[in-house]
Amino acid sequence: MNNSLAEVHPELVSEWSEENLPLTPYDITFGSNEKVW
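Every position in the sequence shown, counted from 1, becomes a number in the working numbering once 30 is added.
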């Protein structure tokens with residue numbers, strides 16, 4: 031996915047909480063309304 035959070039803002043990947051699993055920064059589209067941290 032070219033527009034994933036991990037691709038657009040790789041600096042945020044280290045802040046990804048395991049509470050969001052099974053979602054990963056590669057599953058969320060940048061600008062998504064999904065509420066995760």
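For every residue, glycine included, the Cβ atom is placed at its ideal position computed from N, Cα and C. On a predicted model such as this, the values are computed, not experimentally measured, just so you know.
Would you mind giving the Cβ-Cβ distance between residue i and residue j, rounded to the nearest angstrom? I have them listed as a contact below 8 angstroms.
i   : j   : result
V66 : N50 : 5 angstroms
Compare the C-beta of residue i with all C-beta atoms of chain C and state if any pair is closer than 7 angstroms.
i   : result
G61 : Judged by its chain identifiers, the structure shown contains no chain C, having just a single protein chain.
Excluding the 5 residues preceding and the 5 following residue i in the sequence, name in chain order all residues of the same chain whose CB lies nearer than 6 angstroms to its CB.
i   : result
W46 : P55
T59 : N33
So who's on the other strand from residue i, going by DSSP bridges?
i   : result
T59 : S34
So, at 7 angstroms on beta carbons, what are the nonlocal neighbours of residue i in its own chain, with the 5 sequence-adjacent residues on each side left out?
i    : result
L103 : The first residue shown for the chain is 31 and the last is 67, placing residue 103 beyond what the model contains.
G64  : Before going on, a small fix: residue 64 reads as Glu here, not Gly. For E64, where only same-chain residues beyond five positions count, the Cβ hits under 7 angstroms are I58.
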